[in-house]
Each structure stands twice: as C-alpha cells, then as structure tokens.
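Chemist: Just passing along the structure, written as structure tokens.
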Amino acid sequence: MAKLLPTGCCAPRLQARLSSEDAQAFGAQLGLLGHPIRLQILDLLAQHEEPVCVCDLEAALPVKQPTVSHHLRLLREAGLIDCERRGLWAYYTVRCEALAALRARIVAHLDALL
1 MAKLLPTGCC APRLQARLSS EDAQAFGAQL GLLGHPIRLQ ILDLLAQHEE
51 PVCVCDLEAA LPVKQPTVSH HLRLLREAGL IDCERRGLWA YYTVRCEALA
101 ALRARIVAHL DALL
C-alpha cells in the first residue's frame with residue numbers, strides 16, 4: 001500500500017496560471033489542430049485568398065463528403081473559418097485574425113513554460 005504524503009509538504013504552494021475553464025477552452029482549440037484532416041483543410045484554405053468551394057475541398061481530401069462536412073463544421077464552430085452560401089454550394093475561408101490570435105496564445109503559453 002502506497003504511503004500518502006501530506007499536501008504541500010515539499011514545495012511552496014502551487015497556483016495554476018490557467019484556470020480550469022481557460023485550460024479546457026485552450027485544450028479544445030489545440031485539439032482542433034491535432035487532426036490531420038482539419039490541418040489539411042486549413043492548409044488548403046490558406047493557399048487561396050478567395051473563398052474555396054466545398055466541392056473543391058472534397059476533391060482534394062482523402063475522405064468522403066460527410067467527413068469533410070464534419071470537420072468544416074468543427075472549424076467553423078471554433079471560429080477558425082468562415083462559411084458563405086452561394087446557391088447550393090458553401091464556400092470557405094480562413095479567419096486569419098482567429099488563427100493569428102491562437103498562434104499568439106500558443107507562443108505565449110510556450111514562452112511561459114520555458
């Protein structure tokens with residue numbers, strides 16, 4: 001049976017720099033970037049200044065349309081991409097300001113860890 005040590009016996013009182021809520025939200029954003037299809041979608045969209053039709057995304061990716069739509073929805077809900085309807089088709093663009101803000105947050109967090 002393991003012996004339990006009293007809390008705080010060895011180190012000064014620890015205090016998290018990230019609240020539980022902030023850590024959960026930040027982790028969710030990082031998780032979005034952790035899927036290869038979502039990374040490919042962002043890469044494809046970032047290559048074009050003009051909106052990209054969903055049909056072109058589907059043709060460029062190694063998964064079927066429902067999977068592409070699922071990942072687009074997650075990226076849209078996270079605010080990383082925008083969607084514009086044109087008749088029957090949806091056109092997508094990267095939200096550069098959202099990606100820049102996420103990048104800044106990642107860099108700041110990593111800098112704080114070093």
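When the sequence shown is numbered by full-length UniProt numbering, its final residue is 114 and no position is left out of the sequence of numbers. Every residue, glycine too, gets a C-beta built ideally from N, C-alpha and C.
(1) Within the chosen definition, does the segment 38 to 46 reach the segment 89 to 97 through at least 3 CB pairs nearer than 8 Å?
(2) Return the CA-CA distance between L88 and C53, expressed in angstroms with no decimal places.
(3) Going by the DSSP bridge assignment, what does E84 pair with across the sheet?
(4) Does the separation of the CB atoms of A23 and A16 fall below 9 Å?
(5) For a test of the three-state rule: what should DSSP assign to C53, helix, strand or coil?
(6) Rounded to whole angstroms, what's the CA-CA distance from I37 to A112? Just pull it up for me.
(7) For R73 and E50, what's the separation of their Cα atoms in angstroms?
(8) Rounded to whole angstroms, what is the Cα-Cα separation between A104 and A28?
Modeler: Quick answer:
(1) These segments touch.
(2) If I take the Cα positions, the gap works out to 10 Å.
(3) Answer by DSSP bridge pairing, in chain order: Y91.
(4) Going by C-beta atoms, A23 is nearer than 9 Å to A16.
(5) When DSSP states are grouped into helix, strand and coil, C53 belongs to the strand group.
(6) For I37 and A112, the distance between alpha carbons rounds to 30 Å.
(7) In a straight line, the C-alpha of R73 is about 19 Å away from that of E50.
(8) Whole-angstrom Cα-Cα distance: 16 Å.
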